[in-house]
Amino acid sequence: ISDTNYSMVTEFIFLGLSNSQEFQIFLLVLFFIFYVGIVFGNLLIVITVASDSHLHSPMYFLLANLSLIDLCLSSVTAPKMIADFFSKRKVISFKGCLAQIFLVHFFGGSELVILIAMAFDRYVAICKPLHYTTVMCDNVCFGIVTAAWGTGFLHSVSQLAFAVNLPFCGPNEVDNSFYCDFPRFIKLACTDTSSLEFMVIANSGFISLGSFFILIVSYISILITVWKHSSGGSSKALSTLSTHVMVVILFFGPCIFVYIWPHPTSHLDKYLAVFDAVLTPFLNSLIYTFRNKEMKVAMRKVLCGKFMSRQGMIRTLMKRELK
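Converting from the sequence shown to my numbering requires adding 61 to each position, the first position being numbered 1.
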């Protein structure tokens with residue numbers, strides 16, 4: 062990207078979530094706690110799935126990838142937001158803004174595919190149980206994950222390709238926000254952006270809306286199958302499905318609103334941005350932890366195993382000192 066693309070604007074200023082110093086301190090503490098929970102919770106899920114052989118199945122493999130994406134997605138925006146609470150002037154460079162746009166759509170596009178894959182996994186497991194091991198084999202799972210990351214990359218590049226050559230000559234203040242995203246970014250350009258706004262709706266908005274309806278229809282068909290073949294395992298299936306549906310709603314709800322109506326005229330936009338950047342990755346880890354008995358048992362084993370190994374190391378060191 063050449064420097065001529067940057068016109069007169071070399072940085073953007075975030076106006077943040079609030080002008081109140083006391084409220085900003087409250088938000089600093091709150092979001093720091095949330096981000097620590099995101100890092101700890103999602104890393105614990107990834108480590109648990111990797112270390113417990115009982116969780117080496119397609120469902121948990123996809124869950125581990127979802128947790129990794131949630132961790133990465135939150136890390137693109139949350140640390141910068143937390144650091145900005147200490148600064149009166151919340152600034153990001155032009156290149157930093159483009160990097161945020163790229164990474165947000167990269168991880169967001171990847172998560173969209175993973176969520177669709179998780180719905181497909183549950184559909185095969187419940188509606189076609191005899192074909193499950195054949196359909197969801199290792200090669201298919203790795204292919205799905207590769208496709209997810211590849212789709213995220215292509216989606217992100219397609220967004221950024223329209224942004225890098227826009228002229229920016231001021232203003233450079235991003236209202237009611239704490240990170241760069243395409244709808245607010247293009248509104249600051251010194252040119253007519255109506256065609257780009259339509260592109261945002263077509264690229265991000267309709268993709269999100271279409272994927273959401275596909276997922277909801279898929280889960281409805283799964284629920285119908287479960288009710289028709291009610292058995293002892295139906296309660297477990299319903300519990301798993303309700304978990305997936307909650308995650309889908311948490312992820313797609315804010316995305317659909319922001320990208321179908323890309324005109325930032327309401328303060329609701331900034332709260333949806335917070336939801337997508339901090340609350341959804343935090344809630345995802347909680348939902349999959351507390352609503353999944355196998356995951357809770359496996360996590361206890363991992364945590365207890367680490368504690369016991371540490372205790373063993375301490376005993377060994379003490380014995381050596383006594384000798």
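The beta-carbon is built from N, C-alpha and C at its ideal position, and this holds for glycine as well. If you're wondering where the values come from, they're calculated on a predicted model, not measured in any experiment.
With DSSP collapsed to three states, give me the class of V206. In the sequence shown, residue 206 corresponds to position 145, counting from 1. Helix at V206.
Measure how close the beta-carbons of V225 and L164 come, nearest whole angstrom, since I'm counting them as under 8 angstroms. Here residue 225 is taken as the residue at index 164 of the sequence shown, counted from 1. Here residue 164 is taken as the residue at index 103 of the sequence shown, counted from 1. Not really, about 15 angstroms apart at Cβ, beyond 8 angstroms.
What is the DSSP secondary structure of L149, reduced to helix, strand or coil? Reading the sequence shown from its first residue, position 88 is the one you call residue 149. The sequence given here has Lys at residue 149, not Leu. In this structure, K149 counts as coil in the three-state DSSP scheme.
Return helix, strand or coil for F239, following the three-state DSSP convention. For the purposes of this step, residue 239 is identified with residue 178 of the sequence shown, where counting begins at 1. In the structure shown, F239 sits in coil (DSSP, three-state: anything other than H, G, I, E or B).
Rounded to a whole number of angstroms, what is the C-alpha to C-alpha distance between C365 and I99? The residue labelled residue 365 in the question sits at position 304 within the sequence shown. The residue labelled residue 99 in the question sits at position 38 within the sequence shown. Near 21 angstroms, if we compare the C-alpha coordinates of I99 and C365.
G102 to V319 span [Cα, whole Å]: Translated into the one-based positions of the sequence shown, residue 102 becomes position 41. Translated into the one-based positions of the sequence shown, residue 319 becomes position 258. Cα to Cα, the separation comes out at about 27 angstroms.
F122 versus Q82 - alpha carbon distance: Position 61 of the sequence shown, counted from the start, is the residue given in the question as residue 122. Position 21 of the sequence shown, counted from the start, is the residue given in the question as residue 82. For F122 and Q82, the distance between alpha carbons rounds to 43 angstroms.
For S272, is the classification buried or exposed, using 16 other Cβ atoms within 10 angstroms of its Cβ as the cut-off for buried? To locate residue 272, count along the sequence shown from 1; it is residue 211. Buried, since its Cβ has 16 or more Cβ neighbours within 10 Å.
Should P119 and M179 be called a contact, given that it needs their Cβ atoms to be closer than 7 angstroms? On the sequence shown, position 58 is the one that residue 119 refers to. On the sequence shown, position 118 is the one that residue 179 refers to. No, the Cβ-Cβ distance between P119 and M179 is not below 7 angstroms.
Is it buried or exposed for T71, if we count other Cβ within 10 angstroms and need 16 for buried? Translated into positions along the sequence shown, residue 71 becomes position 10. Burial call: exposed.
Using CA atoms only, rank isn't needed, just tell me which of L340, V110, F312 and I162 is closest to N276. The residue labelled residue 276 in the question sits at position 215 within the sequence shown. A small correction: the amino acid at residue 276 is Leu; Asn does not occupy that position in the sequence shown. Nearest of L340, V110, F312 and I162 to L276, Cα basis: F312.
Counting only the same chain and skipping the five closest in sequence on each side, list residues whose C-beta sits under 7 angstroms from that of S135. Along the sequence shown, read from residue 1 onward, the residue named residue 135 stands at position 74. The answer, listed in chain order, is Y96, I99, A338, V339 and P342.
Beta-carbon spacing of F243, V261 below 7 angstroms: Along the sequence shown, one-based indexing puts residue 243 at 182. Along the sequence shown, one-based indexing puts residue 261 at 200. Yes, Cβ-Cβ distance for F243 and V261 is below 7 angstroms.
Could you check whether the Cβ of P119 sits closer than 6 angstroms to any heavy atom belonging to the ligand MN? You won't find the ligand MN in this model; it holds no ligand whatsoever.
What does a CB cutoff of less than 8 angstroms around L129 pick up in its chain, not counting 5 residues either side in sequence? For the purposes of this step, residue 129 is taken as the residue at position 68 of the sequence shown. Hits under 8 angstroms: N103 and V107.
Span separating the alpha-carbon of T212 from that of S256: As a first step, residue 212 is located in the sequence shown; it is residue number 151 there, counting from the start. As a first step, residue 256 is located in the sequence shown; it is residue number 195 there, counting from the start. If you take the alpha carbons of T212 and S256, they lie about 23 angstroms apart.
Quick one: using the 10 Å Cβ neighbour count with 16 as the cut-off for buried, is D199 buried or exposed? Taking the sequence shown and counting its residues from 1, the one referred to as residue 199 is at position 138. Counting Cβ neighbours within 10 Å, D199 comes out exposed, since fewer than 16 surround it.
Since E72 sits in a beta bridge, which residues does DSSP pair it with? Counting from one through the sequence shown, the residue named residue 72 turns up at place 11. Per DSSP, S154.
Would you decide whether A186 is buried or exposed? Buried here means 16 or more other CB atoms lie within 10 Å of its CB. Against the sequence shown, residue 186 aligns to sequence position 125. Flag for A186 reads buried.
Please go through the same chain and pick out, in chain order, the residues whose beta-carbon is closer than 6 angstroms to the beta-carbon of S154, but skip the five residues on each side of it. Locating residue 154 in the sequence shown gives position 93, counting from the first residue. The residues are E72.
How many angstroms separate the CA atom of G170 from the CA atom of S148? Within the sequence shown, the letter at position 109 stands for residue 170. Within the sequence shown, the letter at position 87 stands for residue 148. Going by the C-alpha atoms only, they are around 31 angstroms apart.
Extract the residue ranges of the beta strand (DSSP E) inside the region 100-188, only unbroken runs of 3 or more that lie entirely within it. Counting only runs of 3 or more, we get 151-154.
Please name the residue in P232, C316 and V110 whose C-alpha comes closest to that of L249. Stepping through the sequence shown from its first residue, residue 249 is reached at position 188. Cα-wise, what sits closest to L249 is P232.
Distance check for L132 and S112, CA to CA, integer angstroms please. Along the sequence shown, read from residue 1 onward, the residue named residue 112 stands at position 51. Along the sequence shown, read from residue 1 onward, the residue named residue 132 stands at position 71. So the alpha carbons of these two residues sit roughly 19 angstroms apart.
Return the CA-CA distance between F87 and F93, expressed in angstroms with no decimal places. Here residue 87 refers to the residue found at position 26 of the sequence shown. Here residue 93 refers to the residue found at position 32 of the sequence shown. Whole-angstrom Cα-Cα distance: 10 angstroms.
Just the C-alpha distance for D64 and V218, rounded to the nearest angstrom, thanks. As a working mapping, residue 64 is identified with position 3 in the sequence shown. As a working mapping, residue 218 is identified with position 157 in the sequence shown. The predicted model places D64 with a pLDDT of 46, which falls under 50 and marks its position as unreliable, so this point remains unresolved.
Locate the alpha helix (DSSP H) running through V278, then write down its first and last residues. On the sequence shown, position 217 is the one that residue 278 refers to. Looking at the DSSP string, the run of the alpha helix (DSSP H) that includes V278 is F267 to K289.
Residues near Q85 in its chain [Cβ-Cβ closer than 7 angstroms; skip 5 each side]: Taking the sequence shown and counting its residues from 1, the one referred to as residue 85 is at position 24. For Q85, where only same-chain residues beyond five positions count, the Cβ hits under 7 angstroms are S79 and F146.
Under 7 angstroms Cβ to Cβ from F223, same chain only, skipping five residues before and after it: list those, please. For the purposes of this step, residue 223 is taken as residue 162 along the sequence shown, with counting starting at 1. If we look at F223 and ignore the five residues flanking it on each side, its Cβ neighbours are L257 and M260.
Leaving out the 5 sequence neighbours to the left and right, which residues in its chain are closer than 6 angstroms to M142 when beta-carbon positions are compared? Sequence index remark: in the sequence shown, residue 142 carries index 81 (1-based). So the qualifying residues of the chain are F239.
Please report the distance separating the alpha-carbon of G266 from that of G314. Your numbering for residue 266 matches position 205 in the sequence shown. Your numbering for residue 314 matches position 253 in the sequence shown. Distance between the alpha carbons of G266 and G314 is about 11 angstroms.
Pop quiz: R183 and T286 are said to be a contact at Cβ under 8 angstroms. What is the actual Cβ separation, rounded to whole angstroms? To locate residue 183, count along the sequence shown from 1; it is residue 122. To locate residue 286, count along the sequence shown from 1; it is residue 225. In this structure R183 is not in contact with T286, their Cβ atoms being roughly 10 angstroms apart against a cut-off of 8 angstroms.
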